[in-house]
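*Asks:* Which chain is which? The protein sequence lines are A and B, in order.
With the first letter of the first sequence counted as 1, position 289 gets the number 367 in the working numbering; the numbers rise by one all the way through.
With the first letter of the second sequence counted as 1, position 316 gets the number 394 in the working numbering; the numbers rise by one all the way through.
Note that beta-carbon positions come from the ideal geometry of N, C-alpha and C, so glycine has one too.
All values derive from a computational prediction rather than experimental measurement.
So that we are looking at the same thing, I have put the structure below in C-alpha cells.
Number of protein chains: 2
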Amino acid sequence: MLTNELKQKLIEIVGVENYEDTKATRLVYSYDATPNYQAMPDAVISPRNTKEVSEIVKLCNQHQIPIVPRGSGSNLCGGTCPIEGGLVLLFRHMNQLLEIDEENLTVTVQPGVITLDMIKAVEEKGLFYPPDPSSMKISTIGGNINENSGGLRGLKYGVTRDYVIALEIVLANGDIIRTGGKLAKDVAGYDLTRLFVGSEGTLGVITEAKLKLIPIPETKKVMLALYQDIEAAARTVSKIIANKIIPATMEFLDQPTLKVVEDFAQIGLPTNVKAVLLIEQDGAPEVVENDIERIADICTAENAVSVQVAKSPEEAEALTTARRSALSALARLKPTTILEDATVPRSEIANMVNGINKIAEKYQLDICTFGHAGDGNLHPTCPTDARNHEEMERVEEAFAEIFALAIELGGTITGEHGVGVMKAPYLEWKLGREGIAAMQAIKSSLDPTNIMNPGKMFAKESRKRVVVAR
Amino acid sequence: MLTNELKQKLIEIVGVENYEDTKATRLVYSYDATPNYQAMPDAVISPRNTKEVSEIVKLCNQHQIPIVPRGSGSNLCGGTCPIEGGLVLLFRHMNQLLEIDEENLTVTVQPGVITLDMIKAVEEKGLFYPPDPSSMKISTIGGNINENSGGLRGLKYGVTRDYVIALEIVLANGDIIRTGGKLAKDVAGYDLTRLFVGSEGTLGVITEAKLKLIPIPETKKVMLALYQDIEAAARTVSKIIANKIIPATMEFLDQPTLKVVEDFAQIGLPTNVKAVLLIEQDGAPEVVENDIERIADICTAENAVSVQVAKSPEEAEALTTARRSALSALARLKPTTILEDATVPRSEIANMVNGINKIAEKYQLDICTFGHAGDGNLHPTCPTDARNHEEMERVEEAFAEIFALAIELGGTITGEHGVGVMKAPYLEWKLGREGIAAMQAIKSSLDPTNIMNPGKMFAKESRKRVVVAR
Numbered sequence: 079m080l081t082n083e084l085k086q087k088l089i090e091i092v093g094v095e096n097y098e099d100t101k102a103t104r105l106v107y108s109y110d111a112t113p114n115y116q117a118m119p120d121a122v123i124s125p126r127n128t129k130e131v132s133e134i135v136k137l138c139n140q141h142q143i144p145i146v147p148r149g150s151g152s153n154l155c156g157g158t159c160p161i162e163g164g165l166v167l168l169f170r171h172m173n174q175l176l177e178i179d180e181e182n183l184t185v186t187v188q189p190g191v192i193t194l195d196m197i198k199a200v201e202e203k204g205l206f207y208p209p210d211p212s213s214m215k216i217s218t219i220g221g222n223i224n225e226n227s228g229g230l231r232g233l234k235y236g237v238t239r240d241y242v243i244a245l246e247i248v249l250a251n252g253d254i255i256r257t258g259g260k261l262a263k264d265v266a267g268y269d270l271t272r273l274f275v276g277s278e279g280t281l282g283v284i285t286e287a288k289l290k291l292i293p294i295p296e297t298k299k300v301m302l303a304l305y306q307d308i309e310a311a312a313r314t315v316s317k318i319i320a321n322k323i324i325p326a327t328m329e330f331l332d333q334p335t336l337k338v339v340e341d342f343a344q345i346g347l348p349t350n351v352k353a354v355l356l357i358e359q360d361g362a363p364e365v366v367e368n369d370i371e372r373i374a375d376i377c378t379a380e381n382a383v384s385v386q387v388a389k390s391p392e393e394a395e396a397l398t399t400a401r402r403s404a405l406s407a408l409a410r411l412k413p414t415t416i417l418e419d420a421t422v423p424r425s426e427i428a429n430m431v432n433g434i435n436k437i438a439e440k441y442q443l444d445i446c447t448f449g450h451a452g453d454g455n456l457h458p459t460c461p462t463d464a465r466n467h468e469e470m471e472r473v474e475e476a477f478a479e480i481f482a483l484a485i486e487l488g489g490t491i492t493g494e495h496g497v498g499v500m501k502a503p504y505l506e507w508k509l510g511r512e513g514i515a516a517m518q519a520i521k522s523s524l525d526p527t528n529i530m531n532p533g534k535m536f537a538k539e540s541r542k543r544v545v546v547a548r
Numbered sequence: 079m080l081t082n083e084l085k086q087k088l089i090e091i092v093g094v095e096n097y098e099d100t101k102a103t104r105l106v107y108s109y110d111a112t113p114n115y116q117a118m119p120d121a122v123i124s125p126r127n128t129k130e131v132s133e134i135v136k137l138c139n140q141h142q143i144p145i146v147p148r149g150s151g152s153n154l155c156g157g158t159c160p161i162e163g164g165l166v167l168l169f170r171h172m173n174q175l176l177e178i179d180e181e182n183l184t185v186t187v188q189p190g191v192i193t194l195d196m197i198k199a200v201e202e203k204g205l206f207y208p209p210d211p212s213s214m215k216i217s218t219i220g221g222n223i224n225e226n227s228g229g230l231r232g233l234k235y236g237v238t239r240d241y242v243i244a245l246e247i248v249l250a251n252g253d254i255i256r257t258g259g260k261l262a263k264d265v266a267g268y269d270l271t272r273l274f275v276g277s278e279g280t281l282g283v284i285t286e287a288k289l290k291l292i293p294i295p296e297t298k299k300v301m302l303a304l305y306q307d308i309e310a311a312a313r314t315v316s317k318i319i320a321n322k323i324i325p326a327t328m329e330f331l332d333q334p335t336l337k338v339v340e341d342f343a344q345i346g347l348p349t350n351v352k353a354v355l356l357i358e359q360d361g362a363p364e365v366v367e368n369d370i371e372r373i374a375d376i377c378t379a380e381n382a383v384s385v386q387v388a389k390s391p392e393e394a395e396a397l398t399t400a401r402r403s404a405l406s407a408l409a410r411l412k413p414t415t416i417l418e419d420a421t422v423p424r425s426e427i428a429n430m431v432n433g434i435n436k437i438a439e440k441y442q443l444d445i446c447t448f449g450h451a452g453d454g455n456l457h458p459t460c461p462t463d464a465r466n467h468e469e470m471e472r473v474e475e476a477f478a479e480i481f482a483l484a485i486e487l488g489g490t491i492t493g494e495h496g497v498g499v500m501k502a503p504y505l506e507w508k509l510g511r512e513g514i515a516a517m518q519a520i521k522s523s524l525d526p527t528n529i530m531n532p533g534k535m536f537a538k539e540s541r542k543r544v545v546v547a548r
C-alpha cells in the first residue's frame with residue numbers, strides 16, 4: 079500500500095509536479111492498447127534521471143510497491159496494465175536522443191524516445207535502424223526493448239534484440255548496472271543485455287540503451303502479388319526463401335483484411351482477391367532489380383493472378399503505410415479488436431492460415447488474418463464486442479485453439495507482442511513447466527520482492543480475457 | 079567426492095565403455111588449449127543421449143559433483159579445465175548433424191558436431207553459417223555456443239549468438255527444457271536461448287541446437303592493404319565503416335605477426351611493412367566490385383603503401399587461411415603463448431594498438447598484435463615461457479594494463495574467448511560489483527548446488543595465470 083508517508087518520500091525524490099495520483103490520471107494509466115485489461119495504479123511517477131529511478135526503486139523494494147515501467151502503452155499483451163496497483167513509471171523526462179556515433183554506427187537513447195523520431199534522426203545521417211513495429215509512430219524505444227518488438231522487416235533484419243548492444247538498468251534492489259558497450263563482440267559474463275530485452279519490465283528498469291545501426295540500403299522496391307488461393311500465397315512465401323532470396327518484408331493480407339484496409343486507406347488496393355503478398359526488397363540497385371524480377375517469376379509460377387511492382391517511391395510508401403494501418407482499420411469494425419500473433423516456422427504458414435480459417439468457422443467468428451508471412455508471424459484478428467460475453471467466450475476458445483495449433487506446428491504463442499498478462503495462461507504450452515520454473519527462478523533471483531511489473535509473464539491463475547478491477 | 083558407489087551408478091547410466099578414470103585419460107582432460115591451467119578431473123564420461131545427460135546431472139546434483147561439459151577443448155580462457163575436479167562430460171556420441179531444413183533455413187545439430195564439418199555440409203546446399211572461429215577445424219558447435227564464439231566475419235555477420243535460435247538444455251536439476259524454435263520471432267518469456275549462449279557451461283548442459291542459416295553470398299573478393307604506419311591502418315578501418323561500407327572481414331596484422339605468419343604459411347606475405355589489413359567483401363558481384371574499389375580508394379587516401387586485390391579464389395583462400403593460422407604460427411616462437419582478446423569500439427583501434435605497444439615496451443615484452451580490426455576485437459599475443467616466473471609476472475601485469483586500457487576506451491576484457499577461469503579476476507572491471515552480483519544471482523537460481531562448471535566466470539580469489547594442481 080502506498081501510505082501517505084511513502085507518497086511524501088516519492089515526492090521528495092521527483093518533485094511534486096512529477097507525482098500524480100488524481101483519479102483522472104490514475105484512470106488514464108489504468109489500461110494500455112490491449113483490449114479488456116484495466117486496473118488502477120496507486121500513482122503515476124515521472125523520474126527525471128537514472129538516479130531518481132534508482133531511489134524510487136529502492137523505496138518500492140523496501141515497501142513492496144509494484145512498479146510498472148511504461149512507454150506509450152502501445153503494447154498488445156496487457157504488459158503495462160498495473161494489475162497489482164503500485165506505481166506506473168513514465169519516461170517523459172527521460173526522452174532524449176543522446177548521441178549518434180557515425181564512426182561506431184551506434185545511437186544512444188533514453189527510454190522515452192519515440193521510435194520513429196529516432197529512426198528519422200539516424201536516417202538523416204544515412205544510417206538505418208531496421209526494427210519497425212507498426213506502432214513506431216507512437217511507441218517508445220524503451221517499450222520496444224522491453225517487448226523485443228518486431229515489425230515488417232524481421233525476416234531480413236531481425237528484431238529489436240538484434241540491435242540492442244548496451245543497456246543501463248536499475249535493478250530491483252536499486253543497483254545501477256551497465257551491460258555491453260559500443261562493441262560488436264563482448265563475452266564478459268552472461269548476456270544480460272539480451273536477457274533484459276523482451277523481459278517486459280519484470281527484471282528491472284531500463285534507463286538508457288545503445289543500439290546498433292547499419293548503413294541505409296541504397297534503394298528499395300515494393301510489389302504486390304494477388305492470389306485467388308490463400309495456399310498459393312503461403313506457398314510462394316516458402317518458395318521465395320527456398321530460392322535463397324531474403325526480401326526485406328513479405329507481408330500477407332487475406333481478403334477480409336484487404337477490404338477493411340482499403341476502406342480505411344483508400345489507395346486502390348484490390349479487394350476482389352483472396353489474398354495478397356506485399357513484398358519489399360532493399361539493397362544495391364542491381365540486387366533489388368534482380369531479386370524483384372526473380373520474386374515476380376516465383377509468384378507467377380505459384381499462380382498469382384497478378385504481380386504489380388510499385389511505380390514510384392510514393393506508391394510503394396502508400397502500400398506499406400496501408401499495411402501498417404491494418405490494426406487501426408480493423409479496429410473500426412467492432413467495439414473490441416482482438417489481435418494475436420501466434421507464430422510458426424515459415425514452412426507452416428499455409429497450414430496455419432488454413433487452420434485459423436477452420437477454427438473461425440468452428441466458433442462462428444470473423445477472423446481476419448494478416449501479418450509478417452516471411453517470418454511466420456501472423457496476426458489473426460477478431461473484431462468482436464467485449465460486452466457480448468457469449469461471443470467473448472467463443473473468441474477465447476478459438477484463440478486457445480489457434481495457440482495450440484501454432485505450438486503443434488513448431489511455433490510459439492507470441493512472435494512479437496509479448497506475454498504480459500494476456501498470454502501468461504498459455505506460456506506453459508510453449509515452455510513446459512520446467513521452462514517456466516527456470517524463468518521464475520531467474521525472476522526471483524533478480525527481483526526477490528516481486529515489485530518489477532508483477533503479475534506479468536507468469537500466470538497466477540488461468541483467468542484470461544477478463545476485466546480486472548481494483 | 080566420486081565414491082565407488084557413485085561410479086557404479088554412473089557406469090549403469092552410460093555403460094562401462096563410456097566411463098573412464100584411468101590416470102592417463104584424466105590427464106588428457108586435465109587441460110585445454112589455454113596455457114598454464116591444469117587440474118585433474120575425477121573421471122571422463124561420454125553420455126549417448128540427452129536422457130543419459132539428464133540422469134548424470136541429477137546424480138551429480140544430489141552429490142555435488144562438478145560437471146565440466148567439453149567439446150574439443152580449444153577455448154582460450156581455461157573454460158574446460160576441471161579446476162574443481164568432478165566429471166568432464168564429452169559429446170563424442172552426441173555428434174550428429176540431425177537436419178538441414180532448406181525451407182526454414184535452419185540446421186539442427188548435436189553439440190559434438192565439428193564446426194567446419196557443419197559449415198561444409200550447409201554450404202553444399204547453398205547455405206551459409208557465418209561464425210568462423212579460427213579453431214573451426216577442430217572446435218565443436220557445442221563449444222562455440224557455450225563460448226559465443228566469434229571469428230573473422232563478426233563485423234558484418236555477427237557472432238554465434240546471432241545464429242542460435244533454439245536449444246535443448248539439461249538444467250542442473252536434471253530437467254530437460256527446449257527454448258526457441260525454427261522461428262524468426264519468438265517472445266514467449268525470457269530469452270533463455272541467448273542467456274545460455276556464452277554461459278560457458280555454468281548454467282546447464284546444451285544437448286541440441288537449431289542454428290539459423292542464410293543464403294551463401296554469390297561471390298567474394300579479398301584484398302591486402304600494406305602500411306608503414308600502424309595508425310594509418312587503424313584509421314582506415316574507421317574510415318571504411320564511416321563511409322558506410324561493412325566488409326565481411328577486416329583483419330589487422332602488425333609486422334611481428336606478419337613475419338611469423340609468413341614464416342609459417344610461406345605464401346609470400348610482405349614482411350617489410352609495419353602493418354597490413356586483410357579485407358574481404360562478399361555479396362552480389364556488382365556490390366563486391368564496387369565496395370572493393372571504394373575500399374581500395376580509402377586505403378590509398380589513408381597512406382597505404384600498396385593495395386593488392388587477390389587475383390584468384392585460391393590466392394584469396396591462401397591469405398585468409400594464413401591469417402587463421404596466426405595463433406599456430408605464433409605458438410612456434412616460444413614454449414608458452416599468451417593470446418588475449420581485449421576489445422574496443424572500432425573508433426578506438428588506433429589508440430588501443432598504440433597503447434598495447436607502449437605497455438609492451440614498459441614491461442620489456444614482445445607483444446604481437448593482430449585481430450578482427452573491423453569489430454575492435456584485437457589479439458595482443460605474447461610469446462613467453464611459463465617456466466620463467468619473473469617474465470610471467472611481467473606478462474601478467476602487462477595484460478592487466480591492456481585490459482584496463484580496453485575498459486577505459488569503452489571496451490571489454492574479452493570479445494570472443496570468454497571469461498572462464500582466466501578472465502574471472504578481471505570481470506569486475508567490466509561489470510562492477512553490482513553487475514557480477516546480478517550474474518551470480520542468476521547462476522545460483524539455476525544451479526543452486528554449483529555443479530555446472532564451477533569456478534568459472536566468477537573469481538574466488540585474485541589468483542591469475544598460476545598452475546592449479548589437484
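#1: Since V497/B contacts E278/B with CB under 8 angstroms, what's their CB separation in whole angstroms?
#2: In chain C, which residues lie with their C-beta within 8 angstroms of the C-beta of P293/B?
#3: When the cut-off is 8 angstroms and only beta carbons count, does V497/A lie next to chain B?
#4: Does the distance between the C-beta of A250/A and the nearest non-hydrogen atom of the ligand ZN fall short of 7 angstroms?
#5: Under 8 angstroms between C-beta atoms, does V275/B make it to chain A?
#6: Nearest to L291/B by CA position, among Q386/A, G164/A, I319/A, G267/A, is which residue?
#7: I'd like to know if Y441/A contacts chain B, where contact means its C-beta is closer than 8 angstroms to some C-beta of that chain.
#8: If we ignore side chains and look at the alpha-carbon of each, how far apart do R548/B and I416/B end up?
#9: Find the nearest neighbour of S403/A within the set I373/A, M214/A, G157/A, judged by alpha-carbon distance.
#10: Would you say N173/B reaches chain A, if we count a Cβ-Cβ gap shorter than 8 angstroms as a contact?
#11: Kindly list the residues whose CB is nearer than 7 angstroms to the CB of M196/B, restricted to its own chain and excluding five residues on each side of it in sequence; keep chain order.
#12: Three or more beta-carbon pairs under 8 angstroms between the segment 455-462 of chain B and the segment 408-422 of chain B, yes or no?
#13: By alpha-carbon positions, which one of G259/A, V422/A, K136/A, K322/A ends up nearest to M530/A?
#14: May I ask you to verify whether the segment 121-137 of chain B touches the segment 465-478 of chain B, counting CB pairs closer than 8 angstroms and requiring at least 3?
#15: Cβ of E494/A within 8 angstroms of Cβ of N466/A?
#16: Give me the subset of the segment 257-268 of chain A whose CB atoms are less than 9 angstroms from a CB atom of chain B, sorted by chain position.
#17: What residue does the beta strand (DSSP E) around D360/B start on, and which one ends it?
#18: In whole angstroms, what separates the C-alpha of E98/A from that of L524/B?
#19: Below 8 angstroms, how does it come out for the segment 238-245 of chain A and the segment 262-282 of chain A: are there three or more Cβ pairs, yes or no?
#20: Kindly identify the DSSP beta-bridge partner or partners of P458/B.
#21: In angstroms, rounded to a whole number, what distance separates the CA positions of V338/A and A407/A?
#22: Please classify P526/B as buried or exposed, where buried requires at least 16 other C-beta atoms within 10 Å of its C-beta.
#23: When the Cα atoms are used, what is the spatial distance from G229/B to I216/B?
#24: Please classify T335/B as buried or exposed, where buried requires at least 16 neighbouring CB atoms within 10 angstroms.
#25: Using a Cβ-Cβ cut-off of 6 angstroms (strictly less than) and excluding sequence neighbours within five positions of G252/A, which residues of its own chain qualify?
#26: Which residues in chain B sit within 8 angstroms of L249/A, going by Cβ to Cβ distance?
#27: Within 8 angstroms, do at least three Cβ pairs link the segment 293-309 of chain B to the segment 282-301 of chain A?
#28: What would DSSP say about P334/B, mapped onto helix, strand or coil?
#29: Can you name the start and end residues of the alpha helix (DSSP H) that P391/A belongs to?
#30: Under the assumption that V275/A contacts I308/A (Cβ atoms under 8 angstroms), give the Cβ distance between them as a whole number of angstroms.
#31: How about E380/B: is its C-beta nearer than 8 angstroms to some C-beta of chain A?
#32: Measuring straight from C-alpha to C-alpha, what distance separates A420/A and E426/A?
#33: Let me know the secondary structure DSSP gives I89/B once reduced to three states.
#34: For T327/B and chain A, any beta-carbon pair shorter than 8 angstroms?
*Replies:* Let's see:
#1: 7 angstroms
#2: Chain labels in this structure do not include chain C; the protein chains are A and B.
#3: yes
#4: No copy of the ligand ZN appears in this structure; indeed no ligand is present at all.
#5: yes
#6: I319/A
#7: no
#8: Per-residue confidence for R548/B stands at a pLDDT of 37, beneath the threshold of 50, marking its modelled position as unreliable; no derived number is given.
#9: M214/A
#10: no
#11: L175, V185, V187, Y207, I219
#12: yes
#13: K136/A
#14: no
#15: no
#16: T257, G258, G259, K260, L261, A262, K263, D264, V265, A266, G267, Y268
#17: 353-361
#18: 40 angstroms
#19: yes
#20: T447/B
#21: 6 angstroms
#22: exposed
#23: 14 angstroms
#24: buried
#25: S132, V135, K136
#26: E512, A516
#27: no
#28: helix
#29: 391-402
#30: With a Cβ gap of about 34 angstroms, V275/A and I308/A do not count as contacting.
#31: no
#32: 12 angstroms
#33: helix
#34: no
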